[in-house]
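To start, the structure under review is shown below, and the notes come after it.
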Amino acid sequence: MSKKVLLATEKPFAKSAVEGIKQIFDAAGYELIKLEKYTDKADFLKAVTDVDAMIIRSDKASSEVIAAGSRLKVIVRAGAGFDNIDLSAASAKGICAMNTPGQNSNAVAELAIGMMIYLARNKFTEGNGSELKGKKLGIHAYGNVGKLVAGIARGMGMGIYAFDPFVKAEAMASENVKACSSIEELYSTCDYVSLHIPANEKTKKSINYDLLSKMKKGATLINTARKEVICEEGLKKIMTEREDFKYATDIAPDCHAEIVEKFGLRYHGTKKKMGAETSEANINAGLAAARQIVAFLEKGDRTFQVNK
Ligand code: 3PG
């Protein structure tokens, strides 16, 4: 019996990416089942029942989905953040969960820079804006996306600072990035802070009022990470207290409707997560996911496993 792979993408990949994924599975003799743009979780639960593997984006691989996948051996999140996979449920069933680190990073990095310019220029509407050149950019977590943001921003004449306890100061210095010794130092030094931390038990709601209140006058926070890392009460408080504070986020917080009304040109939130919405990112992440599935099922290759 040929192996079956489910591509479950509520937010579908570009057509060219899906074609590339299909070619990889055709060559391996696998059957590709597509569940794209679905709106009903029941369809996902039904589609996963008899597949050996699945590729997802931000689609939730909950314990319910994992339980429904009785033949499931591997889940690949085509992207970086894997907070949408119930890792303990996967581990309990001996399912290998992977991501595709770095594959969509450039798309996210370009969006972060685009959001900085968008707010700096009053959302391309009235009045004088400001330039990024000469301003200080703080990168909160110097991983795949953070490094790319730093590289683009450096080319635009920004001074680059970063905080990341997992990256040595010397490594940052060799890339012309000044290492901050604390989050507080990063937030109080920079004109822009760009968030690149994952959402986990430690980071959720960690960007709170105390930290935000340390930001400089006229500062802008850019969030292309996860909405869950922001303490929304703290965000609303700082934006209410400080008319100079700006926030752009991919994806809109729960309080979007309330703050879009109140803060107009100082706030922007995307309706759906747009960071990885480029054909290039879809091709990179989608094809990497397909190759990882074949390598796992054929050779037991567990590179990029996240539930070790
Ligand atoms: C990621 O974690 O890779 C990004 O947030 C992109 O997510 P998406 O594939 O759901 O757009």
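Those letters in the sequence shown? Residues 1228 to 1535, by the working numbering.
For each residue, glycine too, the CB sits at the ideal point set by N, CA and C.
This structure is a prediction, so every number in the text was calculated from the model and none was measured.
Quiz item: For the beta strand (DSSP E) that contains PHE1390, what are its first and last residues?
Solution: Against the sequence shown, residue 1390 aligns to sequence position 163. Annotation: the continuous beta strand (DSSP E) that includes PHE1390 extends over 1386 to 1390.
Self-check item: For LEU1364, the nearest candidate out of TYR1388, LEU1346, GLU1504 and MET1442 (CA to CA)
Solution: Counting from one through the sequence shown, the residue named residue 1364 turns up at place 137. Comparing Cα positions, the closest option is TYR1388.
Practice problem: Identify, in the order they occur along the chain, each residue of the same chain with its Cβ nearer than 7 Å to the Cβ of THR1505, setting aside the five sequence neighbours on each side. | Solution: Taking the sequence shown and counting its residues from 1, the one referred to as residue 1505 is at position 278. The answer, listed in chain order, is ALA1334.
Practice problem: Using DSSP bridges, identify the partner residues of CYS1323. | Solution: As a position in the sequence shown, residue 1323 is number 96, starting the count at 1. DSSP output for CYS1323 lists VAL1301 as bridge partner(s).
Quiz item: Is it the case that the Cβ atoms of LYS1432 and ILE1449 are separated by a distance below 9 Å?
Solution: On the sequence shown, residue 1432 is found 205 positions in, with the first residue counted as 1. On the sequence shown, residue 1449 is found 222 positions in, with the first residue counted as 1. At least 9 Å separates the beta-carbon of LYS1432 from that of ILE1449.
Self-check item: Limits of the beta strand (DSSP E) - the one that LYS1261 falls within
Solution: Start at 1 with the first residue of the sequence shown, and residue 1261 comes out as number 34. In the DSSP annotation of this structure, the continuous segment of the beta strand (DSSP E) that includes LYS1261 starts and ends at 1258 to 1263.
Quiz item: Is VAL1292 near ILE1520, with beta carbons less than 9 Å apart?
Solution: Along the sequence shown, one-based indexing puts residue 1292 at 65. Along the sequence shown, one-based indexing puts residue 1520 at 293. Against a cut-off of 9 Å, the Cβ pair of ILE1520 and VAL1292 comes out as no contact.
Quiz item: Quick one: Cα of GLU1485 to Cα of MET1442, how far?
Solution: Here residue 1485 is taken as the residue at index 258 of the sequence shown, counted from 1. Here residue 1442 is taken as the residue at index 215 of the sequence shown, counted from 1. Just so you know, the alpha carbons of GLU1485 and MET1442 end up roughly 23 Å apart.
Quiz item: Using a threshold of 8 Å, is the CB atom of ARG1493 nearer than that to any non-hydrogen atom of the ligand 3PG?
Solution: The residue given as residue 1493 occupies position 266 in the sequence shown. It does not: the Cβ of ARG1493 is nowhere closer than 8 Å to a heavy atom of the ligand 3PG.
Quiz item: Expressed to the nearest angstrom, what Euclidean distance is found between the alpha-carbon atoms of GLY1513 and VAL1420?
Solution: By one-based count along the sequence shown, residue 1513 stands at place 286. By one-based count along the sequence shown, residue 1420 stands at place 193. Rounded to the nearest angstrom, the two C-alpha atoms are 30 Å apart.
Quiz item: Mind checking whether the beta-carbon of CYS1285 lies closer than 8 Å to any heavy atom of the ligand 3PG?
Solution: For this step, residue 1285 is matched to residue 58 along the sequence shown. The identity of residue 1285 in the sequence shown is Ser, whereas the question assumes Cys. Relative to the ligand 3PG, SER1285 has its C-beta within less than 8 Å of a heavy atom.
Self-check item: Pick from VAL1533, LEU1524, LYS1499 and THR1530 that is closest to VAL1278, judged by C-alpha positions
Solution: One-based indexing of the sequence shown puts residue 1278 at position 51. Of the candidates VAL1533, LEU1524, LYS1499 and THR1530, the one whose C-alpha sits nearest the C-alpha of VAL1278 is LEU1524.
Quiz item: Can we say the region 1322 to 1341 touches the region 1524 to 1533, given the rule of at least three CB pairs closer than 8 Å?
Solution: Output reads yes: the region 1524 to 1533 touches the region 1322 to 1341.
Exercise. State buried or exposed for ALA1347, treating a residue as buried only when at least 16 other CB atoms are found within 10 Å of its CB.
Key: The count along the sequence shown starts at 1 and reaches residue 1347 at position 120. Its Cβ being crowded by 16 or more others within 10 Å, ALA1347 is buried.
Quiz item: Exposed or buried, what is SER1332 when buried is set at 16 or more other beta-carbons lying within 10 Å of its beta-carbon?
Solution: Locating residue 1332 in the sequence shown gives position 105, counting from the first residue. That one is buried.
Quiz item: What is the rounded straight-line gap between the Cα of LYS1264 and the Cα of ALA1406?
Solution: Looking up residue 1264 in the sequence shown gives position 37. Looking up residue 1406 in the sequence shown gives position 179. Going by the C-alpha atoms only, they are around 42 Å apart.
Quiz item: In three-state terms, what does DSSP make of LEU1359?
Solution: Counting from 1 along the sequence shown, the entry for residue 1359 is found at position 132. Of the three classes helix, strand and coil, the one that applies to LEU1359 here is coil, per DSSP.
Exercise. For my contact list, ALA1517 and PHE1252 are in at a C-beta cut-off of 8 Å; report their separation, rounded to the angstrom.
Key: One-based indexing of the sequence shown puts residue 1517 at position 290. One-based indexing of the sequence shown puts residue 1252 at position 25. Indeed they touch by this definition, with Cβ atoms about 6 Å apart.
Quiz prompt | Residue closest to GLY1527, alpha-carbon to alpha-carbon, out of LYS1429, SER1243 and GLY1321 | solution = Here residue 1527 is taken as the residue at index 300 of the sequence shown, counted from 1. Comparing alpha-carbon positions, the option among LYS1429, SER1243 and GLY1321 lying closest to GLY1527 turns out to be GLY1321.
Quiz item: Measuring CA to CA, which of GLY1378, ASN1355, GLY1296 and SER1409 is closest to GLU1402?
Solution: Within the sequence shown, the letter at position 175 stands for residue 1402. Taking only the C-alpha atoms, the option nearest GLU1402 is GLY1378.
Exercise. Identify every run of the beta strand (DSSP E) within the region 1229 to 1278, keeping only runs that are complete inside it and at least 3 residues long; order them along the chain.
Key: Runs of the beta strand (DSSP E) inside the region 1229 to 1278: 1231 to 1236 and 1258 to 1263.
Quiz item: Taking the alpha-carbon positions, what's the SER1315 to GLU1358 distance?
Solution: Taking the sequence shown and counting its residues from 1, the one referred to as residue 1315 is at position 88. Taking the sequence shown and counting its residues from 1, the one referred to as residue 1358 is at position 131. Going from the Cα of SER1315 to the Cα of GLU1358 covers about 46 Å.
Quiz item: With distances taken between CB atoms, is the gap from ILE1476 to GLY1496 smaller than 9 Å?
Solution: On the sequence shown, residue 1476 is found 249 positions in, with the first residue counted as 1. On the sequence shown, residue 1496 is found 269 positions in, with the first residue counted as 1. It should be pointed out that residue 1476 corresponds to Thr in this sequence rather than to Ile. It is a contact, given that the beta carbons lie within the stated cut-off.
Exercise. Look at the alpha carbon of PHE1271 and the alpha carbon of GLU1428, and state the distance between them as a whole number of angstroms.
Key: On the sequence shown, position 44 is the one that residue 1271 refers to. On the sequence shown, position 201 is the one that residue 1428 refers to. Rounded to the nearest whole angstrom, the CA to CA distance from PHE1271 to GLU1428 is 27 Å.
Exercise. With DSSP collapsed to three states, give me the class of GLN1581.
Key: In this structure the chain extends from 1228 to 1535, so residue 1581 is not present and cannot be described.
Exercise. Just the C-alpha distance for MET1228 and THR1276, rounded to the nearest angstrom, thanks.
Key: Translated into positions along the sequence shown, residue 1228 becomes position 1. Translated into positions along the sequence shown, residue 1276 becomes position 49. Each residue's CA atom was taken as its position, placing MET1228 and THR1276 some 15 Å apart.
Self-check item: Own chain, CB closer than 6 Å to LYS1454, minus 5 neighbours either side, in chain order
Solution: Taking the sequence shown and counting its residues from 1, one reaches residue 1454 at position 227. Contacts found: ILE1478 and PRO1480.
Quiz item: Taking buried to mean at least 16 other C-beta atoms within 10 Å of its own C-beta, is ASN1355 buried or exposed?
Solution: Taking the sequence shown and counting its residues from 1, one reaches residue 1355 at position 128. Per the 10 Å Cβ criterion, exposed.
Quiz item: beta strand (DSSP E) containing ALA1368: first to last residue?
Solution: The residue labelled residue 1368 in the question sits at position 141 within the sequence shown. Under the DSSP assignment, ALA1368 falls outside any beta strand (DSSP E); it carries neither an H nor an E label.
Quiz item: Where does ALA1426 fall in DSSP's three states?
Solution: As a position in the sequence shown, residue 1426 is number 199, starting the count at 1. Reduced to three states, the DSSP call for ALA1426 is coil.
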